[in-house]
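Chemist: One structure is given below, represented as structure tokens, and several questions about it will come after.
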Amino acid sequence: MKKLLLYVFLIINFITVNAQYFEGFESGVPGTMTQQFISGFTSWGSCGGTLGGSTCPVMGTASASFYLGNYNANSTALVTPTLDLSTGSWILKFKHSQRSWSGDINELHVEISTDDGTNWTTIISYLDDIQAPTQEIINLGPYSLTTTTKIRFRAVNNYGYSLILDDVEVAQNTVSNDAELTSTNLTGIMSQGNFNISGLITNQGNNTISSIDINWQADGGNIYTQNLTGLNILPGGTYNFNHTTAWNATIGSHSLNVWVSNTNGGDSNAANNQLSYGIAVASNATTRFPLFEKFTSSTCSPCASFNSGTFNPFYNTNSSRFNLINYQMNWPGSGDPYYTAEGGTRRSFYNVTSVPDFFFDGKALDCATLEECLQTQEALPAYFNISATYSLTGSQLTVNTSTIPYLDGTYNLQVVVVEKITTGNISTNGETSFKNVMMKMLPDANGTSLNCTHEVVINNTFSTDLSTTNFEEYSDLEVVILVQNSSSKEVMQSAKALNVLGNNSFDSKNEITLYPNPSNGIISLKSETNVNLEIFDITGKIVFTKEILSPNESINVSFLNNGMYFAKMKNENGEKIQKISIK
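What the sequence shown shows, in my numbering, is residues 112 to 694, in sequence order.
Set out below in structure tokens:
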């Protein structure tokens with residue numbers, strides 16, 4: 112018992128010596144902090160509002176939360192008491208999360224005042240989606256701390272999920288030399304070739320950093336070390352480095368470690384020195400066709416407001432630039448009558464807890480506008496080339512897909528059948544029609560596993576009877592194909608399947624065909640009659656048209672990017688769709 116009491120005493124003594132201030136909100140909100148209304152009168156509460164699946168409380172029995180169920184830009188701060196930080200070295204610690212709700216994120220601005228709250232300086236602003244409670248540690252060294260220092264956490268409402276804050280602590284920084292490797296320019300997928308590794312170092316210690324080593328190692332091989340001297344990284348300051356030895360990134364899967372060492376001759380805290388990466392190096396890349404997935408319901412009033420005021424105008428203008436899938440949910444209210452269990456599986460996959468909710472290429476929206484999100488995704492390379500066709504005989508649907516991966520690894524293929532406009536699921540929210548409603552997933556919502564080897568084509572065929580689905584008009588059918596990373600949930604690429612239902616079978620005399628296939632962009636068309644030629648990319652967009660007037664005419668399409676295309680050839684005998692590959 113005496114040992115236990117001594118242990119408790121040492122813990123309390125350590126906190127007393129090193130912690131100037133701590134608030135865990137266990138006695139309520141705002142606890143020992145004060146609430147400052149800056150714009151509007153929205154109060155901080157305790158795990159209130161709409162959490163969207165976030166963990167609350169973060170620790171103990173309570174956390175502070177900020178939420179307002181509209182777009183009024185109310186701003187309220189939680190402010191610490193006046194703190195004497197005039198001597199010693201200090202750090203600020205806290206935990207927080209701020210989930211995106213349909214692209215809307217409540218902002219958290221951490222600010223400091225050294226004149227007892229008269230003037231405020233921003234330390235850092237958190238504007239992006241942070242789903243899991245995250246520990247932040249900030250060195251207060253750069254701020255001329257005084258006997259009248261205050262720190263505040265200012266929330267700004269953007270109709271995001273509840274902003275959550277916990278375990279606010281101001282403590283002595285007892286570490287002398289502490290370099291944190293904050294970030295690097297490495298990503299999970301990269302292109303082959305020589306790559307210069309760069310990154311950001313943050314000085315989390317009390318001493319100014321004058322020298323440091325930057326190291327990297329690939330696949331357990333040689334360690335490449337660069338010694339930096341003559342530096343002047345002040346406590347709390349940052350430094351951007353660029354390692355002079357490039358990594359030769361070869362096709363395949365790699366593990367890469369980057370770390371800092373020998374800070375001023377010896378780093379006092381090794382816990383924040385290293386970042387490790389699993390990296391897939393691609394053999395090629397192609398243009399990305401983004402996918403927008405929306406969870407909604409005909410009984411959801413906010414869904415109707417969002418669709419009419421924001422999404423539908425955006426979709427009507429930009430529908431040719433991306434694929435859309437709407438999953439109708441069986442809640443709120445009595446639910447949407449076009450809900451399916453496959454939609455429920457997809458909802459669980461994304462951990463959707465309220466509607467409307469949206470994902471661009473499997474990622475929650477974290478940009479200011481839908482146009483900004485779309486531009487961001489369009490600019491990213493894609494490492495899969497997808498082509499697909501479908502045919503419908505009565506209610507029997509057959510879909511053929513061809514996938515060319517430029518990456519090694521295991522991914523998931525999803526085939527999603529949608530109806531472009533539905534009206535039979537009108538319910539209580541005032542909407543009179545619904546776009547791209549998911550009707551069936553092939554073979555089901557779990558998709559098909561793809562064991563990918565770069566440049567090796569994977570072909571799949573799927574069939575289903577649509578007679579038991581909610582289809583209103585088969586003529587309004589569309590098939591969306593996507594490849595997804597099941598772990599990260601990132602959609603790697605999407606495409607539309609082309610309809611080959613109306614193709615005629617040409618007899619040998621009247622057969623028309625393009626050759627060679629694959630080609631380098633110079634192709635010929637064999638035909639006994641004039642042919643109207645249209646070439647489509649994997650999104651269904653026409654990229655080339657021409658009337659062919661002579662047999663075996665040579666056609667130059669070398670301006671097209673490498674990848675898979677569809678050629679529609681039509682003459683007096685009928686039409687034909689042929690898949691062609693440009694390499």
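Glycine included, each C-beta is placed from N, C-alpha and C at the ideal position.
Are the C-beta atoms of Ala396 and some chain D residue less than 8 Å apart?
Modeler: The structure shown contains no chain D; it holds only a single protein chain.
Chemist: Taking DSSP as the reference, what is the three-state secondary structure of Gly674?
Modeler: For the purposes of this step, residue 674 is taken as the residue at position 563 of the sequence shown. Note: Gly674 maps to strand in three-state DSSP.
Chemist: Mind checking whether Ser157 and Ser176 have CB atoms under 8 Å apart?
Modeler: The sequence position of residue 157 within the sequence shown is 46, counting from 1. The sequence position of residue 176 within the sequence shown is 65, counting from 1. In this structure, Ser176 lies closer than 8 Å to Ser157 by Cβ.
Chemist: Can you tell which of Asp215, Asn288, Ser394 and Ser273 has its C-alpha closest to the C-alpha of Gly304?
Modeler: For the purposes of this step, residue 304 is identified with residue 193 of the sequence shown, where counting begins at 1. Answer by Cα proximity: Ser394.
Chemist: In the DSSP assignment, the beta strand (DSSP E) including Ser605 goes from what residue to what residue?
Modeler: Start at 1 with the first residue of the sequence shown, and residue 605 comes out as number 494. Counting along the chain, the beta strand (DSSP E) containing Ser605 begins and ends at Val602 to Lys607.
Chemist: Just grab the DSSP bridge partners of Ala393 for me.
Modeler: Taking the sequence shown and counting its residues from 1, the one referred to as residue 393 is at position 282. Partner(s): Ser302.
Chemist: Is the number of C-beta pairs between the segment 623-630 and the segment 559-571 that are closer than 8 Å three or more?
Modeler: Contact fails: fewer than three Cβ-Cβ distances are below 8 Å.
Chemist: Helix, strand or coil for Gln488, going by three-state DSSP, please let me know.
Modeler: By 1-based counting over the sequence shown, the position of residue 488 is 377. In the structure shown, Gln488 sits in a helix (DSSP, three-state: H, G or I).
Chemist: Return the first residue and the last residue of the beta strand (DSSP E) that Ser236 is part of.
Modeler: Residue 236 sits at position 125 when you count from the first residue of the sequence shown. Thr232 to Tyr237 is the extent of the beta strand (DSSP E) around Ser236.
Chemist: So, Ser321 versus Tyr178, is the Cβ gap smaller than 8 Å?
Modeler: As a first step, residue 321 must be located in the sequence shown, where it is residue number 210. As a first step, residue 178 must be located in the sequence shown, where it is residue number 67. No, the Cβ-Cβ distance between Ser321 and Tyr178 is not below 8 Å.
Chemist: With a threshold of 16 other CB atoms inside 10 Å of the CB of Asp472, please say whether the residue is buried or exposed.
Modeler: Residue numbering aside, residue 472 sits at position 361 when the sequence shown is read from its first letter. When all chains shown are included, Asp472 counts as buried.
Chemist: Taking the continuous beta strand (DSSP E) assigned at Asn314, which residues delimit it?
Modeler: Here residue 314 refers to the residue found at position 203 when the sequence shown is read from its first residue. Taken as a continuous stretch (DSSP letters only), the beta strand (DSSP E) holding Asn314 covers Ser309 to Asn314.
Chemist: Could you give the distance in angstroms between the alpha-carbon of Ser197 and the alpha-carbon of Asn307?
Modeler: The sequence position of residue 197 within the sequence shown is 86, counting from 1. The sequence position of residue 307 within the sequence shown is 196, counting from 1. In a straight line, the C-alpha of Ser197 is about 42 Å away from that of Asn307.
Chemist: Can you tell me which of Thr624, Gly685, Val590 and Pro244 puts its alpha carbon nearest to the alpha carbon of Ile666?
Modeler: In the sequence shown, residue 666 corresponds to position 555, counting from 1. Ranking the options by Cα distance to Ile666, first place goes to Thr624.
Chemist: Considering just the uninterrupted stretch of the alpha helix (DSSP H) at Ser635, what are its terminal residues?
Modeler: Here residue 635 is taken as the residue at index 524 of the sequence shown, counted from 1. First-last for Ser635: Ile633 to Lys637, but that is the beta strand (DSSP E), not the alpha helix (DSSP H).
Chemist: Pull up the CB-CB distance for Leu491 and Tyr388, whole angstroms please, since I reckon it's below 8 Å.
Modeler: Here residue 491 refers to the residue found at position 380 when the sequence shown is read from its first residue. Here residue 388 refers to the residue found at position 277 when the sequence shown is read from its first residue. Not really, about 18 Å apart at Cβ, beyond 8 Å.
Chemist: Going by the CB atoms, is the gap between Gln209 and Gly271 shorter than 8 Å?
Modeler: Here residue 271 refers to the residue found at position 160 when the sequence shown is read from its first residue. Here residue 209 refers to the residue found at position 98 when the sequence shown is read from its first residue. Contact flag set, yes.
Chemist: Does Tyr501 pass the burial test, meaning 16 or more other C-beta atoms within 10 Å, or should it be called exposed?
Modeler: Translated into the one-based positions of the sequence shown, residue 501 becomes position 390. That one is buried.
Chemist: Can you find the residues in the same chain that come closer than 6 Å, C-beta to C-beta, to Ser506, ignoring five residues on each side of it along the sequence?
Modeler: On the sequence shown, residue 506 is found 395 positions in, with the first residue counted as 1. Around Ser506: Asp576, Leu577 and Ser578.
Chemist: Helix, strand or coil for Leu481, going by three-state DSSP, please let me know.
Modeler: Here residue 481 refers to the residue found at position 370 of the sequence shown. Leu481 falls in the helix class under three-state DSSP.
Chemist: Tell me whether Ser616 sits in a helix, a strand or coil according to DSSP, three-state version.
Modeler: In the sequence shown, the residue the question calls residue 616 occupies position 505. The predicted position of Ser616 is uncertain, since its pLDDT is 46 and thus under 50; a value taken from the coordinates is nonetheless stated next. Here Ser616 sits in coil by DSSP.
Chemist: Do the segment 279-295 and the segment 227-246 meet, that is, are 3 or more Cβ pairs less than 8 Å apart?
Modeler: Cβ pair count under 8 Å is below three, so no.
Chemist: Residues in its own chain within less than 6 Å of Ser236 by CB, not counting five upstream and five downstream?
Modeler: One-based indexing of the sequence shown puts residue 236 at position 125. Around Ser236: His220.
Chemist: Straight-line CA distance for Ala329 to Thr509?
Modeler: Counted from its first residue, the sequence shown places residue 329 at position 218. Counted from its first residue, the sequence shown places residue 509 at position 398. Distance between the alpha carbons of Ala329 and Thr509: 45 Å.
Chemist: Nearest to Ser597 by CA position, among Asn536, Tyr494 and Gly558, is which residue?
Modeler: Counting from one through the sequence shown, the residue named residue 597 turns up at place 486. The residue with the shortest Cα to Cα distance from Ser597 is Gly558.
Chemist: Sorted by chain position, which residues of the same chain lie with C-beta nearer than 7 Å to Asp519's C-beta, five sequence neighbours on each side aside?
Modeler: By one-based count along the sequence shown, residue 519 stands at place 408. Cβ within range, chain order: Gly363, Ser364, Ala391, Cys563, Thr564 and His565.
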